[in-house]
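Asks:
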Amino acid sequence: MSEQRKPQEQLPIYDAHEPSEASQRISAIFDEMESKQLDNLNDAGKSLIERIATFLGVLFGLSILSSNFPPPYLKGNTPVKVLLIAALVGYLLAIGTALWATQVRYYHRYTYNATRSQAELTAMIRRKVGWLRAANILFALGTVVLAALLIVIVWKV
Numbered sequence: 057m058s059e060q061r062k063p064q065e066q067l068p069i070y071d072a073h074e075p076s077e078a079s080q081r082i083s084a085i086f087d088e089m090e091s092k093q094l095d096n097l098n099d100a101g102k103s104l105i106e107r108i109a110t111f112l113g114v115l116f117g118l119s120i121l122s123s124n125f126p127p128p129y130l131k132g133n134t135p136v137k138v139l140l141i142a143a144l145v146g147y148l149l150a151i152g153t154a155l156w157a158t159q160v161r162y163y164h165r166y167t168y169n170a171t172r173s174q175a176e177l178t179a180m181i182r183r184k185v186g187w188l189r190a191a192n193i194l195f196a197l198g199t200v201v202l203a204a205l206l207i208v209i210v211w212k213v
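Quick look at the structure:
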């Protein structure tokens with residue numbers, strides 16, 4: 057009895073060589089970026105919150121903090137009112153989203169399971185990136201609406 061043997065698939069052999077100094081530097085840069093990714097995301101969220109707070113100050117200055125309330129450009133001017141409310145809503149949603157992204161949370165640490173720890177870290181990063189992207193988009197939309205509001209106000213004056 058002869059057994060038919062299937063030829064084993066062989067993995068391709070690549071010509072290996074030592075990485076160059078430039079590729080080692082690039083690899084070190086990416087390693088450092090990866091190790092600081094959560095800190096960078098938290099810092100980005102805090103910076104975004106600061107920017108939103110600044111723009112909210114401008115928005116409140118335009119709408120509420122004048123010597124006679126409501127300011128003349130708001131009286132009977134529906135487009136300005138709509139733009140003002142839209143910008144305010146955009147900024148408030150953006151600041152809420154950024155706060156949610158930087159909110160302190162409890163995360164599971166799997167001491168003896170590196171795969172689950174890696175999955176937890178990946179989920180943390182994805183969550184922060186997703187919420188911060190949404191906050192940036194809302195901030196950008198609020199800023200565009202604020203710019204339109206300023207244009208309408210200047211155009212009418």
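Going by this note's numbering, the residue at position 133 of the sequence shown is 189; the numbering climbs one at a time, nothing skipped. We put the beta carbon where it would ideally sit given N, CA and C, even for glycine.
1. Below 8 angstroms on the Cβ atoms is my guess for Leu97 versus Val160; work out the distance and round it to an integer in Å.
2. Any contact of the region 136-145 with the region 204-211, i.e. 3+ C-beta pairs under 8 angstroms?
3. I need the straight-line Cα distance from Thr199 to Asp99, nearest angstrom please.
4. Just the Cα atoms here: how many angstroms apart are Ala157 and Ser76?
5. Which residues mark the beginning and the end of the alpha helix (DSSP H) in which Lys184 is found?
6. Starting from Leu149, follow the alpha helix (DSSP H) in both directions and report where the run begins and ends.
7. Only counting the same chain, and skipping five residues up and downstream in sequence, which positions put a Cβ closer than 6 angstroms to that of Ser173?
8. Figure out for me which residue from Leu177, Leu104, Ile181, Ile82 has the closest Cα to the Cα of Ile193.
9. Quick check on Arg107: does DSSP put it in helix, strand or coil?
10. Out of Ala196, Gln93, Phe111, Leu115, point me to the one whose CA is closest to Ile181's CA.
11. Taking Cβ positions, are Ile108 and Tyr168 nearer each other than 8 angstroms?
12. Return the CA-CA distance between Ala175 and His164, expressed in angstroms with no decimal places.
13. Going by Cα to Cα distance, which pick from Lys102, Gly132, Gln80, Leu144 is closest to Gly117?
14. Are the C-beta of Tyr166 and some C-beta of chain C separated by less than 8 angstroms?
15. Just confirm the distance between the C-beta atoms of Gly101 and Leu177, as a whole number of angstroms; I'd bet it's less than 8 angstroms.
Replies: Well, looking at it:
1. Working through the sequence shown from its first residue, we reach residue 97 at position 41. Working through the sequence shown from its first residue, we reach residue 160 at position 104. That belief does not hold up - the Cβ atoms of Leu97 and Val160 are roughly 13 angstroms apart, past 8 angstroms.
2. Yes: at least three Cβ pairs fall under 8 angstroms.
3. Mapped onto the sequence shown, residue 199 falls at position 143. Mapped onto the sequence shown, residue 99 falls at position 43. Straight across, the Cα-Cα distance linking Thr199 with Asp99 is about 21 angstroms.
4. Within the sequence shown, numbered from 1, the residue matching residue 157 stands at position 101. Within the sequence shown, numbered from 1, the residue matching residue 76 stands at position 20. If you take the alpha carbons of Ala157 and Ser76, they lie about 39 angstroms apart.
5. As a first step, residue 184 must be located in the sequence shown, where it is residue number 128. 170-212 is the span of the alpha helix (DSSP H), which, as asked, contains Lys184.
6. Within the sequence shown, residue 149 is the residue found at index 93, counting from 1. Segment 134-158, the alpha helix (DSSP H) holding Leu149.
7. By one-based count along the sequence shown, residue 173 stands at place 117. Cβ within range, chain order: Tyr166.
8. Locating residue 193 in the sequence shown gives position 137, where the first residue counts as 1. Comparing Cα-Cα distances from Ile193 to each of Leu177, Leu104, Ile181, Ile82, the minimum goes to Leu104.
9. For the purposes of this step, residue 107 is taken as the residue at position 51 of the sequence shown. Note: Arg107 maps to helix in three-state DSSP.
10. Position 125 of the sequence shown, counted from the start, is the residue given in the question as residue 181. Minimum Cα distance to Ile181 is reached at Gln93.
11. For the purposes of this step, residue 108 is identified with residue 52 of the sequence shown, where counting begins at 1. For the purposes of this step, residue 168 is identified with residue 112 of the sequence shown, where counting begins at 1. Not closer than 8 angstroms, so no.
12. Position 119 of the sequence shown, counted from the first residue, corresponds to residue 175. Position 108 of the sequence shown, counted from the first residue, corresponds to residue 164. C-alpha separation (whole angstroms): 10 angstroms.
13. For this step, residue 117 is matched to residue 61 along the sequence shown. Here the closest residue by C-alpha is Leu144.
14. Chain labels in this structure do not include chain C; a single protein chain is all it has.
15. Here residue 101 corresponds to residue number 45 of the sequence shown, with the count starting at 1. Here residue 177 corresponds to residue number 121 of the sequence shown, with the count starting at 1. Actually they are not in contact, since the Cβ atoms of Gly101 and Leu177 sit about 17 angstroms apart, beyond 8 angstroms.
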